Amino acid sequence: MKAGQSILVVEDEPKIRDGLSDFLEFHDFYVTTAEDGLAAERTVSEGRFDLILLDLMLPKISGEQLCRKWRQQGLKTPIIMLTAKGQEKEKIAGLDMGADDYVTKPFSLEELLSRIRAVLRRTDPARSVGQRFTIGPFTVDAEGLKLINGNQQTELSTRQAQMLQLFASNPNRIVSREELYEKVWGESMDGIETRTVDMHIARLRDLLVTAGGDKELIETVRGAGYLYKVKG
Ligand code: CA
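Using the working numbering, read the sequence shown as starting at 1303 and increasing by one per residue.
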């Protein structure tokens, strides 16, 4: 069970690949690496990632081809392209082909980290589950702000709908309070918000129970965050 978000690093230069991997692991991301386009394609078909760092110039299949192909296949994972200086034309193409951002080499790791965080923060959970989705026994209408259980309908606040959307799009993965706060409140956490998040979760649980759900639908994982577990 993971607490950190997972990043796939696709980079053929071993030094850069290892450096990125160490740096991101140090910052609590789970890192998987791929050294060429083919390996990246295979890895993405086998696993789920929160973000992909994709080098533009890669052996076997280029970053550009990969990005286009993934988007054509409907892959929603945010992608940050790594481009080399002087690839200005490719940079523009990079955005056209469905990348979320680009970073020009040589880049500072701190700069890259802030771009990664920004992209993750603005990634809408609705990208994976949509505006109408199921969670436990419920159907959630995130636009109409309704929690539906059979013929019973309960009103949701925007934040409650967003929290449910976030859990529904991350089944069996621990969502940390920081991540929840960043995604739902749209700001990074200062520390004091821990209680705010806990209070909102407590209220959400009460509401789910009143609407006929299990109070364990959203579990608390001590010291790590919250978990929506899906069996089977
Ligand atoms: Ca390269």
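Just so you know, even glycine gets a beta-carbon here, dropped at the ideal spot from N, CA and C.
In this text, all values refer to a predicted model and were calculated from it rather than measured experimentally.
Requested in this report: In angstroms with no decimal places, state the Cα-to-Cα distance between Asp1508 and Thr1335.
Outcome: 42 Å
**Report entry** Where Gly1452 falls, given that 16 or more other Cβ within 10 Å makes a residue buried
**Finding:** exposed
Query raised in the report: Taking all protein chains shown into account, do 16 or more other C-beta atoms lie within 10 angstroms of the C-beta of Gly1438, making it buried, or fewer, making it exposed?
Result: Only buried fits Gly1438, as 16 or more other CB atoms lie within 10 angstroms of its CB.
Query raised in the report: Would you say the beta carbon of Met1359 comes nearer than 8 Å to a heavy atom of ligand 1?
Result: yes
Report task. Report all residues from its chain with a CB closer than 7 Å to the CB of Trp1487; omit the five preceding and five following residues, and keep chain order. Result -> None.
Query - Same chain only: Cβ atoms within 7 Å of Ser1490, ignoring 5 sequence neighbours per side - result: Glu1484
Query raised in the report: For the alpha helix (DSSP H) that contains Ile1494, what are its first and last residues?
Result: No alpha helix (DSSP H) holds Ile1494; DSSP gives it neither H nor E.
Query raised in the report: Less than 8 Å between the CB of Glu1489 and some heavy atom of ligand 1, yes or no?
Result: no
Query - Near ligand 1: Asp1403 beta-carbon under 8 Å from a heavy atom - result: no
Report task. For Gly1515, I'd like the list of residues in its chain whose CB is within less than 8 Å of its CB, leaving aside the five on either flank, ordered along the chain. Result -> Closer than 8 Å at the Cβ level, and outside the excluded window around Gly1515, lie Gly1438, Pro1439, Phe1440 and Asn1451.
Query raised in the report: Where are the alpha helix (DSSP H) runs, 4 residues long or more, that stay fully inside the stretch 1369-1427, in chain order?
Result: 1390-1398 and 1411-1424, all fully within the stretch 1369-1427.
Requested in this report: Taking all protein chains shown into account, decide if Glu1313 is buried (16 or more other Cβ within 10 angstroms of its Cβ) or exposed.
Outcome: buried
Query - Spatial distance of Thr1496 from Phe1331 (CA atoms) - result: 21 Å
Query raised in the report: In whole angstroms, what is the alpha-carbon distance linking Trp1372 and Gly1306?
Result: 24 Å
Query raised in the report: DSSP state of Leu1358, grouped into three classes?
Result: coil
Query raised in the report: DSSP on Gly1527, reduced to helix/strand/coil?
Result: strand
Query raised in the report: Do you know whose CA, among Glu1327, Val1442, Phe1435 and Leu1360, lies nearest Leu1411's CA?
Result: Answer by Cα proximity: Glu1327.
Query raised in the report: Is the beta carbon of Ser1478 sitting closer than 9 Å to the one on Ala1526?
Result: Taking the C-beta atoms as reference points, Ala1526 is found nearer than 9 Å to Ser1478.
Requested in this report: Kindly list the residues whose CB is nearer than 8 Å to the CB of Phe1409, restricted to its own chain and excluding five residues on each side of it in sequence; keep chain order.
Outcome: Leu1384
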